[in-house]
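Just so you know, the sequence shown maps onto residues 1 to 526 in my numbering.
Just so you know, even glycine gets a beta-carbon here, dropped at the ideal spot from N, CA and C.
Being a predicted model, the structure only gives us computed values, none of them experimental.
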Amino acid sequence: FKNILNVNTSDYVIMRRGKDFENDPVNGENVRATELSFRANTFYNTQLSGDHNLPSLGAKLRWYGSFNILDQYIPDQRRIQYNQNTSVDPNAPYLLLISNTRSQKTGSRYFGFLNDYVYTGGGDASKTFRLFELDQSVKMGYMLQVKDRLFDSRPFSIYLPSDNKELRSLPQDQVFNPENFGDGTSNKFGFDELSGNQFRYIANSILNSAFVQFDNQFSDKLRAVWGVRWENFDQVIGSMKKSDNRHVHTQVNDFLPGLNLTYKATPKNNIRFSASQTVIRPEFRELSTFAFFDFELGATILGNPRLERTKVTNLDVRYEMYPRAGEVITFGVFYKYFQKPIELYFNQSGVGTSNTFNFINADHATGFGAELEFRKRLDFSEALKNFTLQGNISYIYNRVSGLNRPMQGQSPYLINFALQYDVEKIGLNTTLLFNQIGRRILYVGNQDVPSIWEAPRPLSDLQIAKKVMKGKGEIKMNITDFINKRAYFYHDIDDNKKYVKGSGDALAINRKYGTSLSFSFAYTLK
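Following this line, the structure appears as structure tokens:
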């Protein structure tokens, strides 16, 4: 019986500076924008499970049930933006970006509530038997998962029925003073809630799934694990009323086969082949018509009720070597076929702003590549006997059908290294991590606006853990991203597949994530 309660809150300020090219596509307008917000996330999980060994039947039984709650509360998110147009006057003042239309982009306040409830139950049974003097097994299982979501948001906007530069010149700590507001018909600010049912929705999904899996040892050298999983996914998003224009009901059946063949060429070498089908389902947020202004992106994110799930076919061949205990060298090649992959693309006709990002299904995409993975103890030297080096390097070629570009988020390469220092007798363990990925698309563009790419950036983390109190306690120190290199997201105008500062590329986002330092203590009761 397990229970977890986690409450995570953020009280933050974001200040944006840069260029806004919406009103002045050539030179851009200088921007000063601020967002102030408080966000509270509460997560609760309770789980009851059991494992039963039935030796008289040569069988095992496992069952489980759980209930999850995820609540998010945003009580008052405030946004304001000033623009400076220097195309005519280099000393032009910063003026509040506001008009006679209502918008989430500037002078807005947002209140949001999200409640998720997840119910899960299921189990499986396995039976072991001997056939041709070799071990065989069969496993069957079932799972039911129900998800409910209630989402309600109330965005408010200030607007100007007629232009008033005196009001637009006010500093941000005076804009919301009561004396600056009128009835919405004068030359004072108006204040009104953005209307429309796109700012609230309910959702429900029911997943019924069952599987059967066989584990067959055909000989001392050949083993096969194979089976099939059936999933029935029934989902309603937007509203439970069919008459509501937000109502979208879908039901999909999937049969997902899987096969893993292992041939033991020698006691220390394996050849492994695997094939499977998997699905990637869109989240509630991606399916809803909810229009949310992303302050950092400077655009509205809008869901798409017509999104379909992605079906993925996976093929993989690997050669595995195990030189000795604790060491492995693996080389593999793989192929993936994505049917209707989900991507986030840029759309210039917006909701409340001129820039909108929408979720779409591409027709299909394919990818193939190779991967090298290793783990090696460095005890060939007395000075390095407590060190272990491990890592993996992957190359991926991926293309969306009919387009000369990879899928959103897909990198052409991936590099991971870890150097571990372990002294078991004193309970000390230290791990240094390094990671870097190749450039990838952050947001898909269109014919008029090129995609936004994320430039490669190295990441390094360090963890030091020490056992104390006779091994029952452990102290950990974690340093995350201590290199803290700036991240660049850009439009690749010259199409040279890299970002060079000061070149013809247009910088979209320039960000430093910062270095995090944390300490923790854990004590185990035995």
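DSSP, reduced to helix, strand and coil, places GLN198 within a helical segment of the structure shown.
The alpha-carbon of ASP148 is positioned some 51 Å away from that of LEU378. In the structure shown, LEU378 adopts coil according to DSSP, grouped into three states. Of all C-beta pairs linking the stretch 209-223 to the stretch 138-154, three or more are shorter than 8 Å, placing the two stretches in contact.
In the structure shown, the three-state DSSP call for LYS165 is helix. The beta carbon of HIS52 sits closer than 6 Å to those of LEU61, all from its chain and outside the five residues before and after it, given in chain order. Boundaries of the alpha helix (DSSP H) harbouring ARG285: 284-287, taken from the DSSP string. For LYS472 and LEU419, the gap between their C-alpha atoms comes out near 25 Å.
Here ARG223 is near THR262, since their CB atoms are less than 7 Å apart.
Taking 7 Å as the cut-off, the Cβ atoms of TYR413 and TRP453 do not count as close. Ranked by how close their Cα comes to the Cα of ARG457, the residues THR430, TYR499 and ARG306 have TYR499 in first place. Excluding the 5 residues flanking it on each side, GLY58 has same chain C-beta neighbours closer than 8 Å at LYS127, THR128 and PHE129, in chain order. Beta-bridge annotation (DSSP): PHE191 is paired with ILE158. If you draw a 10 Å sphere on the C-beta of ILE426, you find fewer than 16 other C-beta atoms in it, and that means exposed. In this structure, the straight-line span from the alpha carbon of VAL31 to that of LEU95 is close to 10 Å.
Using a C-beta cut-off of 8 Å, the stretch 399-418 makes contact with the stretch 332-343, since at least three inter-stretch Cβ pairs fall below that distance. The beta carbon of ALA522 sits closer than 6 Å to those of GLU474, all from its chain and outside the five residues before and after it, given in chain order. The beta-bridge partner set that DSSP reports for ASN358 consists of LEU302 and TYR345. In this structure, the alpha-carbon of MET143 lies about 44 Å from that of ARG486. Counting along the chain, the unbroken beta strand (DSSP E) around ASP124 starts and ends at 108-131. Here the alpha carbon of LEU307 sits roughly 20 Å from the alpha carbon of PHE293. With fewer than 16 other beta carbons inside 10 angstroms of its own, ILE493 counts as exposed. Linking SER503 to ASN510 through their CA atoms gives a straight-line distance of about 15 Å.
Contact fails between the stretch 39-53 and the stretch 306-321, because fewer than three Cβ pairs, one in each stretch, are under 8 Å apart. If you draw a straight line from the Cα of THR9 to the Cα of LEU517, it is about 18 Å long. ASN177 carries a coil assignment under DSSP once its states are collapsed to helix, strand and coil.
Between TYR395 and PHE255, the alpha-carbon positions lie close to 30 Å from each other. If you draw a 10 Å sphere on the C-beta of SER108, you find 16 or more other C-beta atoms in it, and that means buried. When the five nearest sequence neighbours on each side are left out, the beta carbons in the same chain lying within less than 7 Å of the beta carbon of SER274 are those of LEU259, ASN260 and ASP316, in order along the chain. Ranked by Cα distance from ALA370, the options ARG16, PHE331 and ARG168 are led by PHE331.
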